[in-house]
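Read the structure below first, then the notes.
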Amino acid sequence: MTDWQQSWHRWAERVEAYSLRERVLLLLCLIAVLIGLWQWLIELPQERQREQIEQQRTAVANDRDAQQAQLAALMSTEADNRPARELEQLQRTLDELDASLASLSQGLVSADQLPQILQEVLISTTELQLRRVRTLPVEELPLTKAADGTEAAEPVETATGVFRHSVELDVSGDFFEVLSFLRRLEGLPWRFYWDRLDYEVMDYPVGDIRLRVYTLSAEEGLLGV
Numbered sequence: 002m003t004d005w006q007q008s009w010h011r012w013a014e015r016v017e018a019y020s021l022r023e024r025v026l027l028l029l030c031l032i033a034v035l036i037g038l039w040q041w042l043i044e045l046p047q048e049r050q051r052e053q054i055e056q057q058r059t060a061v062a063n064d065r066d067a068q069q070a071q072l073a074a075l076m077s078t079e080a081d082n083r084p085a086r087e088l089e090q091l092q093r094t095l096d097e098l099d100a101s102l103a104s105l106s107q108g109l110v111s112a113d114q115l116p117q118i119l120q121e122v123l124i125s126t127t128e129l130q131l132r133r134v135r136t137l138p139v140e141e142l143p144l145t146k147a148a149d150g151t152e153a154a155e156p157v158e159t160a161t162g163v164f165r166h167s168v169e170l171d172v173s174g175d176f177f178e179v180l181s182f183l184r185r186l187e188g189l190p191w192r193f194y195w196d197r198l199d200y201e202v203m204d205y206p207v208g209d210i211r212l213r214v215y216t217l218s219a220e221e222g223l224l225g226v
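When we follow the working numbering, the leftmost residue of the sequence shown carries the number 2, and every step to the right adds one.
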């Protein structure tokens, strides 16, 4: 008989010597010990694991709900603010157009004064002969805005346009008189843009010159010629 069997046999003999009441109490104690061991070794670890899993599930669920709420709020905000953003973008575009127009128009001669100024300078150059003065059709110039990294720009559609008013002169005279006329135009206190200059020698030193200049304005009105 092994030592374990001998110990178990001696313990059983002692239990048999107990009274019925003592044996019932001993059985209850053994059951309590077994229950305690089961709770400590099995139930409590499983309960802690279950609580951790439940906490993780709750955290994930809360995070998901928070994400959904944030997304819903963002979509609502995007929808509510879209007109405001479009208006803000439009206002920025208009401000840029105003700034561009102001820069272009700074110091420019007015459209109705351009023909008169050209003729006055021409009259002061007595050796030049005026052959023709004509105004060209007014052109609306679309201001464009190119995005960064793009080569081409798309016209910005706006109710505020920029109009080009052009005047074309045909004169003839000595080359040096033509040169003097051009220098006087360059020395004027008003600014305008040179569009085209053609010079053809007819009978040296006399030649014909065709000069086209223009100014810009925010009004489409006709030139005063």
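In this text, a Cβ means the ideal position worked out from N, Cα and C, and glycines have one as well. None of these values were measured; they are calculated from a predicted model.
With DSSP collapsed to three states, give me the class of residue i.
i      : result
Asp113 : coil
Leu137 : coil
Ser167 : strand
Leu20  : Looking at the sequence provided, one finds Ser at residue 20 rather than Leu. Residue state, collapsed to three classes: coil.
Ala153 : Reliability of the predicted coordinates at Ala153 is poor, the pLDDT of 44 falling under 50, and no value is obtained from them.
Glu220 : coil
Leu129 : coil
Leu189 : coil
Gly108 : coil
Gly37  : helix
Arg213 : strand
Trp195 : strand
Leu29  : helix
Glu97  : helix
Ser173 : strand
Count the other C-beta atoms from every protein chain shown that fall within 10 angstroms of the C-beta of residue i, then say buried if there are 16 or more, exposed otherwise.
i      : result
Phe193 : buried
Gly174 : buried
His166 : buried
Leu115 : buried
Tyr215 : buried
Val202 : exposed
Ser125 : exposed
Ser218 : buried
Leu198 : exposed
Leu123 : buried
For residue i, which option in the options has the closest C-alpha, if you only look at C-alpha atoms?
i      : options                        : result
Phe182 : Ala33, Arg213, Glu140, Leu129  : Leu129
Leu212 : Phe177, Ala219, Asp196         : Asp196
Phe176 : Val163, Leu189, Phe164, Ile210 : Ile210
Val207 : Gly188, Val179, Leu198, Leu45  : Val179
Leu186 : Leu29, Gln117, Glu141, Arg132  : Gln117
Trp191 : Leu109, Leu137, Leu21          : Leu109
Glu121 : Arg93, Leu189, Glu97           : Leu189
Sorted by chain position, which residues of the same chain lie with C-beta nearer than 6 Å to residue i's C-beta, five sequence neighbours on each side aside?
i      : result
Ser111 : none
When you compare the CB of residue i with every CB in chain D, is at least one pair closer than 8 Å?
i     : result
Arg24 : The chain inventory of the structure shown lacks chain D, comprising one protein chain alone.
Quick test of your reading: residue i and residue j, contact by CB under 8 Å. State the CB separation rounded to the nearest angstrom.
i      : j      : result
Arg24  : Val16  : 6 Å
Val139 : Leu170 : The pair is not a contact, with the Cβ atoms about 18 Å apart (cut-off 8 Å).
Val119 : Val168 : The sequence given here places Leu at residue 119; Val does not occur at that position. The Cβ separation is near 6 Å, so the contact holds.
CB-CB under 8 Å to residue i, same chain, minus the five flanking residues each way: which ones, in chain order?
i      : result
Tyr19  : Leu27
Asp149 : Its pLDDT being 45, under 50, Asp149 is placed unreliably in this model, and the coordinates cannot settle the point.
Arg132 : Asp171, Val172, Ser173, Asp209
Residues in its own chain within less than 7 Å of residue i by CB, not counting five upstream and five downstream?
i     : result
His10 : none
Glu14 : none
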